[in-house]
Amino acid sequence: MLKEQVELNRGLAQMLKGGVIMDVTTPEQARIAEEAGACAVMALERIPADIRAAGGVSRMSDPKMIKGIQEAVSIPVMAKCRIGHFAEAQILEAIEIDYIDESEVLSPADDVYHINKRDFKVPFVCGARDLGEALRRINEGASMIRTKGEPGTGDIVQAVRHMRKMNSEIVKVASLREDELFEAAKQLQVPYELVEYVHKNKKLPVVNFAAGGVATPADAALMMQLGAEGVFVGSGIFKSGDPAKRAAAIVQAVTNYTDAKLIAELSEDLGEAMVGINENEIQLIMEERGQ
Amino acid sequence: MRIGILAVQGAFWEHKKVLESLGAECVELRQKKDMKDLDGLVLPGGESTVQGKLLRDLDMFEELKKLIKGGLPTLSTCAGLILLAKEISNDQNVYFGTLPVKVKRNAYGRQLGSFSKREYVQGIGDFEMKFIRAPYIEDAGEAEVLAKVDDKIVAVRYENQIGLAFHPELGGDDRIHRRFLSMVS
């Protein structure tokens, strides 16, 4: 991938900042999401909560279904492929998806290798639980990072854990002496140049969003205050009582994430939130996929 | 100099960083109460549908429109250009409508159509332009054309407003921001 393409792909993620990316399964839901103020949509056949409930192998969505969503909206459309499944990624690139999510929500296709994302012109977003995972994905060519959280649970605890860990590790790298960066690179299992970037800039070289378990405007505000640059909402919207209203409220909460009075108003009468599952109640831990 | 940067969604931080490095004081506009004592305004890139909706939901729209119409120097990039345009050829929405041009949204297609190109900008010189799911201007009307790429208009100026289809905040070249600040002072 050319340097110029890397900048354009990272640049698209920069344009999404301060926004909410919503999971949708139909053109109708995509339109509701766009009207509610989504800055992009993630097209998939089943939202994570249903993937969890259905069990079995979960794969890339039907290209026809993705195309239907591309035609329904004018905002960027993302779609997921399985970890390591570069043929699925090639298909998504062929239908001109705007962003590919190499996602632990689907069943991994490779238990060793991630996709060599440098081979692609289209940008990738990947999940990460800590700085090492994030920099490894960026080294493979990811143009955007999100926390893994624990998808499809409506439980924010893992996303909080991942965001806090990432940020405390960034602060730590920034505070090291220059001659200590080589050891940090060894421990993080990443190239020295990426560690050096974090040391100098006190941030990742790409945009970092929160994902996995966001269900309320307060959840979104929490993640933004913890340093997320935007939010993915998966099951939280279309598994709730009033999707359009909840979606619009989360969008406003992300913009004004420190204004508690406004978020209080936004949180009124949203109907029922998605039914959550606690981390100790689930059998399938998606966050452990792909390290 | 106090520059307001619309910060409801998009790449506002990048503009802020460039302007602050040039010595301007920047305020992030997230609510109506933030729009006080501004000497200039930046409408950044992002998604115009989201920004347009939030401007209304947060009751910022009328106030900002009044400021722009009143002559507040305004720099708009990408989605910001769409917010200013009087007409959008492939979208029924019109937002501020203060810039007398017709734009086409997502005119270069999806992300695979995004590109960079070095071209001449009136009064600036050759400039590295990044187009990310960008619009272009189909008809510049009474606005002065500042730049074209492959025969398509990508930069205009009309009175107090500069409209750019590309992203000067991303390339590390601050000449356009300098020019904007000279309009402000």
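In the order they appear, the protein sequences are chains Y and W. Taking this note's numbering, the leading residue of the first sequence gets 163, the next gets one more, and so forth. Taking this note's numbering, the leading residue of the second sequence gets 25, the next gets one more, and so forth. All C-beta atoms in this analysis are idealised placements derived from N, C-alpha and C, irrespective of residue type, glycine included. Please read these numbers as outputs of a predicted model, since none were measured by experiment.
{"Query": "Within-8 Å CB hit, K154 (chain W) to chain Y", "Result": "yes"}
{"Query": "E193 (chain W) versus I253 (chain Y) - alpha carbon distance", "Result": "33 Å"}
{"Query": "Under 9 Å from the C-beta of K77 (chain W): neighbouring residues of chain Y", "Result": "E197, A198, G199, A410, V413"}
{"Query": "Min CB distance D196 (chain W) to chain Y below 8 Å", "Result": "First, the residue type needs correcting, since residue 196 (chain W) is Gly and not Asp in the sequence shown. Not closer than 8 Å to any Cβ of chain Y, the Cβ of G196 (chain W) fails to qualify, so no."}
{"Query": "Span of the beta strand (DSSP E), counted from its first residue to its last, around S265 (chain Y)", "Result": "261-265"}
{"Query": "Span of the alpha helix (DSSP H) around N440 (chain Y)", "Result": "Note, N440 (chain Y): premise wrong, no alpha helix (DSSP H); not H, not E."}
{"Query": "T187 (chain Y) in three-state terms, based on DSSP", "Result": "coil"}
{"Query": "6 Å CB neighbourhood of Q414 (chain Y) in its chain, flanking five on each side removed", "Result": "L428"}
{"Query": "Reduced DSSP category for N117 (chain W) - H, G, I as helix; E, B as strand; rest coil", "Result": "coil"}
{"Query": "Rounded C-alpha distance that separates G389 (chain Y) from N329 (chain Y)", "Result": "8 Å"}
{"Query": "Closer than 8 Å to chain W by CB, S220 (chain Y)", "Result": "no"}
{"Query": "CB contact check: R134 (chain W) to chain Y, cutoff 8 Å", "Result": "yes"}
{"Query": "Proximity below 8 Å, CB of P313 (chain Y) to CB of M204 (chain Y)", "Result": "no"}
{"Query": "Euclidean distance between Cα positions of L43 (chain W) and I27 (chain W)", "Result": "8 Å"}
{"Query": "Exposure label - I391 (chain Y); buried when at least 16 CB within 10 Å", "Result": "Contrary to the premise, residue 391 (chain Y) reads as Glu rather than Ile in this sequence. Classification for E391 (chain Y): buried."}
{"Query": "Closer than 7 Å: S113 (chain W) CB and nearest the ligand HEM heavy atom", "Result": "In terms of ligand content, the structure shown is empty, and the ligand HEM therefore cannot be addressed."}
{"Query": "Chain Y contact for G34 (chain W) (CB, 8 Å cutoff)", "Result": "yes"}
{"Query": "Ranges of the beta strand (DSSP E) found wholly within the stretch 392-438 of chain Y, counting only runs of at least 3", "Result": "393-395"}
{"Query": "Own chain partners of Q33 (chain W) with C-beta closer than 6 Å, once the 5 adjacent residues on each side are dropped", "Result": "G70, V74, Q75"}
{"Query": "Minimum length 3: unbroken beta strand (DSSP E) runs contained in the stretch 130-158 of chain W", "Result": "139-145, 149-155"}
{"Query": "Contact list for the stretch 173-196 of chain Y against chain W, Cβ threshold 8 Å", "Result": "G173, L174, Q176, M177, L178, K179, G180, G181, E196"}
{"Query": "Q75 (chain W) in three-state terms, based on DSSP", "Result": "helix"}
{"Query": "Helix, strand or coil at S209 (chain W) according to DSSP, with G and I counted as helix", "Result": "coil"}
{"Query": "Contact under 8 Å by Cβ, M59 (chain W) with E38 (chain W)", "Result": "no"}
{"Query": "C-beta atoms of V287 (chain Y) and D263 (chain Y) nearer than 8 Å", "Result": "yes"}
{"Query": "Helix, strand or coil at L65 (chain W) according to DSSP, with G and I counted as helix", "Result": "strand"}
{"Query": "Proximity test, Cβ basis, 8 Å: P285 (chain Y) and chain W", "Result": "yes"}
{"Query": "For M306 (chain Y): DSSP bridge partner residues", "Result": "Y:V287, Y:V369"}
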